[in-house]
Structures are given as structure tokens and as C-alpha cells.
Amino acid sequence: MILLLAFAIWLYLAFFHGRFWDSAPELTPATPLEATDVDIIIPARDEVETIAPVIASLVAQDYPGNFRVILVDDNSTDGTAEAAGTHERLTILTGQDKPAGWSGKLWALSQGVAASTAPVILFADADITHDPRHLATLVAKMTTDRLEMVSEMVRLNCASEPEKFLIPAFIYFFQMLYPFAKVNDPRSRVAAAAGGTVLIKRAALERIGGLEAMKGALIDDVTLATKVKATGPVYLGHSGLATSIRPYPKAKDIWDMIARTAFTQLRYSAVMLIGTIIGLALVWLVFPFATLCTGFDWRAALGLAIWAIAALTYFPTLDRYKVNRAYAIALPGIALFYMAATIGSAVNHWRGTGAKWKNRAYAGDKP
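Every position in the sequence shown, counted from 1, becomes a number in my numbering once 3 is added.
Quick look at the structure:
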């Protein structure tokens, strides 16, 4: 019965869950008909290793309108601001101490917003480089489709062996949670964004009460998308014009990335954690057990069929990252890794260490 339920779930996921596996859409380079002014806000905390190429890529944007880059140096101790360099389009702000109740990134972004004046704002991370056509393409999408917000899942680093095993799966699982087609459908209640690249109208940000309305959120991109989609259409796609240059050379690096906010996503609820574990086990562990541990009978055959469906849905993401399709066989083990990291996130919270990033802890903050 459990195996048949798992099979039914996979049939739904493969055929009726917004084609989550399709690894689409992706914006093609375009020039906007209306080149509105844009302020690009970059929050940075101890990003000396990545900030120089990031800023260089942003000030070199081939954009027909006016734009500037506002770097908010969030109390860095490694010379991030100095490494950013100088440019006529670049303004560097020294971040103020974080007030209680704010997440670090949102507090830095809010200071950038306060210093900005443009009607359109681009939030971008301090580890992402941009093709010269990127800003123009984002604005063209926003103006052509009359969107309130445009976000992209940038291409993540995928060079080391742990990255090949785990990074495409991170994208795949995100798409499973938030099918991009549903996010982009105004009739759907599904909302999400990818925080590395978020272009938003100032008016839309003001309508939701500004960043202060979500000041404690650690899953800030999804929270922002949920609030904005309630007021107008949003877009989420994959990016061929922006790339994260942050490496994850060890499996522990990816574990830490997941564990930092996984329990936050579950609203710090033990009940939701147990439900998630049961759900993940049903989706990812039942079919390999049936295939490998039940002997060669109908259960093994059905388990193998489910395994094949799961692998096939993973192929487009592997292809996007130019990773051998054979890695799809390892999906159950990869899912087990993500499950364990989620449990680790809960354990960290219960021990009082909570989410950590750049030597800053958020043990008590909630979205």
C-alpha cells in the first residue's frame, strides 16, 4: 500500500505539478523600450574574496537608462569596502549596527533602499557576477509583461565533486517546492523568488510596507515574493546571465548552507519537521527500499519504475549544469543528505545556536 502511494505521488509530481522538472523558463537577452532609472543594492558582509568582480560586472552593465550601484558594507572585518574599488556609478555605505528583530541581510538592504531614489530597485548578492546584458534584460521583462517583481535562480557554482552531487539537486528540490510555472501564474497561490537577483518596483515594495514588514525573515526571498504576489504578478525563472562565484568545495559547505535556514522554512515547528521527514521518506526512500530489499517481484519492479521516473525528471536540471545524467541514480541518497541537514538545522535551533551566517547568529529570529 505504501509503495502504491509513493507511485501515485510520483505520477502526480511528474505530470501534474507544474512541470517543476522542466528547468525553465529562462530570459533571453533583451533591451527595454522603457529604460527607467535603477538603483542596484548589494548587501555585503565579509565578502572580500568575491566583491571586486561582482562590482566590476555591475558598473559595466550595458543599460540604456540611468543606474547606480549602492554597496552596503555590513560591518565587514576583512576589507570588503576597500576591495570593491571606486567608480562613478558606485556608492559605498557603511552599515549601521543591526537593531533587534532584523535579519542582517534585510537590515543592510533597508539601508540601501533608504539611500536610493530610483523607481526600480535591483537586489543582488555579493557573490554573483552579471553579464553586461543582464540589467537590461531584467527591466525588459518587467516592463514588457507589466510585472511587479522579476527574480532569477542564478547559475550556482558546480565544479567540485560534492557540488556535482548536491548543487543540481538543490535547484531541483527548490523547483519541486515552488514550481516556477505556478509562481508565474497569477491564478496560483504559489509564490517564491531567488534572493540572488530580485528586480522590484519601488511602488510595489512600498505597498507591502517596505522591508520593515518582513524584517525578521531569514527566508527573505520567498517572504518578499509572497507579499508582492498578493498585490500583482511576479516572475521567477532561471538565469543564463548571472552566475554565483561562491564555491562549495566540500559536502560540509553545502550542509551548512542547507542547515542555516531549513528549520526556519518549517517555522521552527517540530510537528512540521516530523511531517517533512515522513513526506521525504515516502517520496524518496520507499522506492529504493522496494527495489533493493524486496527480492525480484512486483514491488521491486514498481520501485524500479518509480526510480526511473524520478531520474527522468532530474535530467533537465543535470543537463543545465552539464553534469552526467548518471548522477540521477543517486537521487535517493542525495535526498537523504538534505533530510539529515534539515534535522541538523532543527537540532541547531533547539541547542540555541540557530541560523548562522558570516559570524552572526539568529537563534531567536523568525520570519
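The beta-carbon is built from N, C-alpha and C at its ideal position, and this holds for glycine as well. Note that the structure is a prediction, hence the values are computed from the model and not measured.
Practice task
Please go through the same chain and pick out, in chain order, the residues whose beta-carbon is closer than 7 Å to the beta-carbon of V193, but skip the five residues on each side of it.
Solution key: Y181, P182, K185, V186
Practice task
Sort out for me which residues DSSP pairs M156 with in a bridge.
Solution key: Residue pairing by DSSP places M156 opposite H241 in a beta bridge.
Handout entry: Nonlocal neighbours in the same chain, by C-beta distance under 7 Å from W353, ignoring five residues either side
Key = none
Practice task
Could you have a look at D188 and say whether DSSP puts it in helix, strand or coil?
Solution key: coil
Handout entry: D76 in three-state terms, based on DSSP
Key = It is a strand residue.
Practice task
Would you please state the rounded distance, in angstroms, between the beta carbons of G306 and L6? I believe it to be under 8 Å.
Solution key: 7 Å
Practice task
Output the distance between the C-alpha atoms of G355 and P56, rounded to the nearest integer angstrom.
Solution key: 36 Å
Problem - Rounded C-alpha distance that separates A196 from A172 - result: 17 Å
Handout entry: Local conformation of P171 per DSSP, three classes
Key = The answer is helix: DSSP assigns P171 an H, G or I state.
Handout entry: Option in M260, S247, D40, D76 with minimal Cα separation from T97
Key = D76
Practice task
Would you mind giving the Cβ-Cβ distance between S106 and A220, rounded to the nearest angstrom? I have them listed as a contact below 8 Å.
Solution key: With a Cβ gap of about 6 Å, S106 and A220 count as contacting.
Problem - Alpha-carbon spacing of A265 relative to S247, whole angstroms - result: Between A265 and S247, the C-alpha separation is close to 21 Å.
Problem - Proximal residues to V237 (C-beta, below 8 Å), its chain only, five neighbours per side dropped - result: L150, E151, M152, V153, S154, V186, N187, A194, A196, A228, V231
Exercise for the section: Could you say if the region 129-147 and the region 62-77 meet the contact criterion of at least three C-beta pairs nearer than 8 Å? Expected result: yes
Practice task
Output the distance between the C-alpha atoms of Q114 and A38, rounded to the nearest integer angstrom.
Solution key: One C-alpha to the other measures close to 25 Å.
Exercise for the section: Below 8 Å on the Cβ atoms is my guess for T234 versus A216; work out the distance and round it to an integer in Å. Expected result: That pair is no contact at about 12 Å.
Problem - 3-residue-minimum beta strand (DSSP E) runs that sit fully inside the region 203-254, ordered along the chain - result: 237-247
Handout entry: Straight-line Cα distance separating D42 from W13
Key = Straight through space, the alpha carbons of D42 and W13 are spaced by roughly 43 Å.
Practice task
Would you decide whether Y251 is buried or exposed? Buried here means 16 or more other CB atoms lie within 10 Å of its CB.
Solution key: buried
Practice task
Could you name each continuous beta strand (DSSP E) segment of 3 residues or more that falls completely within the region 5-43, going from the start of the chain to the end?
Solution key: none
Exercise for the section: For V201, write down the residues that DSSP places opposite it in a beta bridge. Expected result: F126, S154
Handout entry: 6 Å Cβ shell around A245 - same chain, five flanking residues per side excluded
Key = Result list for A245: I131, H133, H137, V157, T200, in chain order.
Problem - Cβ-based burial, K108 [other Cβ within 10 Å; buried from 16] - result: buried
Handout entry: The alpha helix (DSSP H) enclosing L1, as first and last residue numbers
Key = For the chain, the structure presents residues 4 to 370; residue 1 sits outside this window and is missing.
Problem - Three-state class that DSSP yields for T267 in the structure shown - result: Correct three-state label for T267: helix.
Practice task
Give the range of the beta strand (DSSP E) segment to which T132 is assigned.
Solution key: Per DSSP, T132 belongs to the beta strand (DSSP E) from 131-133.
Problem - Candidates L74, S191, R71, D148: closest to L36 by CA position - result: D148
Practice task
Decide yes or no for the touch test of the region 163-177 against the region 307-322: beta carbon pairs closer than 8 Å, at least 3 of them.
Solution key: yes
Handout entry: Euclidean distance between Cα positions of K218 and T80
Key = 24 Å
Exercise for the section: Please confirm whether T316 and A17 have their CB atoms less than 7 Å apart. Expected result: In contact: T316 and A17 (Cβ atoms closer than 7 Å).
Handout entry: Cβ-based burial, G367 [other Cβ within 10 Å; buried from 16]
Key = Bear in mind that the predicted position of G367 carries a pLDDT of just 44, short of 50, making it unreliable; the figure below should be weighed with that in mind. Exposed, since its Cβ has fewer than 16 Cβ neighbours within 10 Å.
Practice task
Assign Y15 to one of two classes, buried (16 or more other C-beta atoms within 10 Å of its C-beta) or exposed (fewer than that).
Solution key: exposed
Handout entry: I309 - containing alpha helix (DSSP H), residue span
Key = 301-323
Practice task
Could you give the DSSP three-state label for A196: helix, strand or coil?
Solution key: coil
Handout entry: Residues of its chain near K253, where Cβ-Cβ distance is below 7 Å and the 5 sequence neighbours each way are ignored
Key = For K253, where only same-chain residues beyond five positions count, the Cβ hits under 7 Å are P165.
Problem - Buried/exposed call for E50, threshold 16 Cβ in 10 Å - result: By the 10 Å Cβ count, E50 comes out buried.
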